[in-house]
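In my numbering, the protein residues as written are 13 to 165. Ideal placement from N, C-alpha and C gives every residue a C-beta, glycine not left out. Keep in mind it's a predicted model, so treat the numbers as computed, not measured. Some notes on the structure that comes next.
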């Protein structure tokens with residue numbers, strides 16, 4: 013099992029690269045990935061307005077997760093696993109952290125605007141479908157919206 017901890021702002025570029033490499037496993041071309049870059053970029057500001065966590069194996073970053081939002085609804089904004097570390101339980105481990113982080117923010121529901129390729133993973137984690145949402149990146153593209161009931165805060 014990997015070790016979870018809070019990353020440092022100086023790791024933002026490395027974490028962004030991980031997000032892009034992970035997104036690429038779904039077979040997207042370079043133009044699509046470049047269009048996604050702004051929404052997959054982690055900046056120093058993310059440490060101020062969200063919770064971030066990385067899964068590590070020694071000095072190697074295996075995955076990253078980000079939860080944001082306040083009030084009764086939190087958003088699982090990012091959950092990306094290094095392509096070489098997929099299917100090793102890291103996604104499950106980080107998803108569990110996301111649930112805890114959302115609860116600490118006072119949320120009773122955590123929403124996930126999922127990549128269509130990742131939606132099945134979130135369903136296995138207990139998320140249920142909650143409609144679709146327009147992509148912020150590609151006009152006319154819709155993403156599955158899922159939610160997790162966190163119970164009373």
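Could you check the C-alpha separation between residue 110 and residue 149 for me, to the nearest Å?
24 Å
Distance between beta carbons of residue 122 and residue 84, contact taken as under 8 Å
Their Cβ separation, rounded to whole angstroms, is 10 Å, which puts residue 84 and residue 122 out of contact at 8 Å.
Runs of beta strand (DSSP E) wholly within the region 41–123 (minimum 3 residues, chain order):
62–69, 72–80, 85–93
Quick check: what's the CA-CA separation for residue 49 versus residue 32?
7 Å
Can you have a look at residue 95 and say buried or exposed, based on whether 16 or more other CB atoms are within 10 angstroms of its CB?
exposed
Can you find the residues in the same chain that come closer than 7 Å, C-beta to C-beta, to residue 102, ignoring five residues on each side of it along the sequence?
14, 67, 74, 75, 93
Proximity to residue 78 [Cα-Cα], best of 69, 71, 58, 70
58
Along the chain, where does the alpha helix (DSSP H) containing residue 26 start, and where does it finish?
24–35
Quick check: the Cα distance between residue 80 and residue 39, rounded to an integer number of angstroms?
27 Å
Between the Cα of residue 112 and the Cα atoms of 161, 45, 30, which residue gives the shortest distance?
Minimum Cα-Cα distance from residue 112 among the listed residues 161, 45, 30 corresponds to 161.
Can you grab the Cα-Cα spacing for the pair residue 135 / residue 142, in whole Å?
11 Å
Alpha carbon to alpha carbon, how far is residue 156 from residue 139?
11 Å
Closest by CA to residue 64, which one among 41, 108, 42?
Per the Cα distances, 108.
Figure out for me which residue from 19, 52, 20 has the closest Cα to the Cα of residue 127.
Closest in C-alpha terms to residue 127, from the list 19, 52, 20, comes 52.
Coarse secondary structure for residue 146, derived from DSSP in three states:
strand
Helix, strand or coil for residue 157 per DSSP?
strand
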